[in-house]
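Q: Please see the structure below; I have some questions.
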Amino acid sequence: MIEHIAIIPDGNRRYAKEHGVPTLEGHQRGAEVMH
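Per my numbering, the sequence shown starts with residue 6, numbered consecutively.
Here it is, written out as structure tokens:
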């Protein structure tokens, strides 16, 4: 039985660069998706 699971957010900076937004906004959008 699985006792723990980890989620590693990846790609926030890449997302920001590809969408022409500041890095911080990429991280904020990534956090919104996780909630």
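Where a beta carbon is used, it is the ideal one built from N, C-alpha and C, also for glycine.
Does the Cβ-Cβ distance between Leu18 and Thr28 come in under 7 angstroms?
A: Before going on, a small fix: residue 18 reads as Arg here, not Leu. Against a cut-off of 7 angstroms, the Cβ pair of Thr28 and Arg18 comes out as a contact.
Q: Pick from Arg34, Ile12, His40, His9: whose alpha carbon is nearest that of Lys22?
A: Among Arg34, Ile12, His40, His9, the Cα nearest to that of Lys22 belongs to Arg34.
Q: Once DSSP output is grouped into helix, strand and coil, what is the label at His40?
A: Residue state, collapsed to three classes: coil.
Q: Within 10 angstroms of its Cβ, does Gly31 collect 16 or more other Cβ (buried), or is it exposed?
A: It is buried - the Cβ of Gly31 has at least 16 other Cβ atoms within 10 Å.
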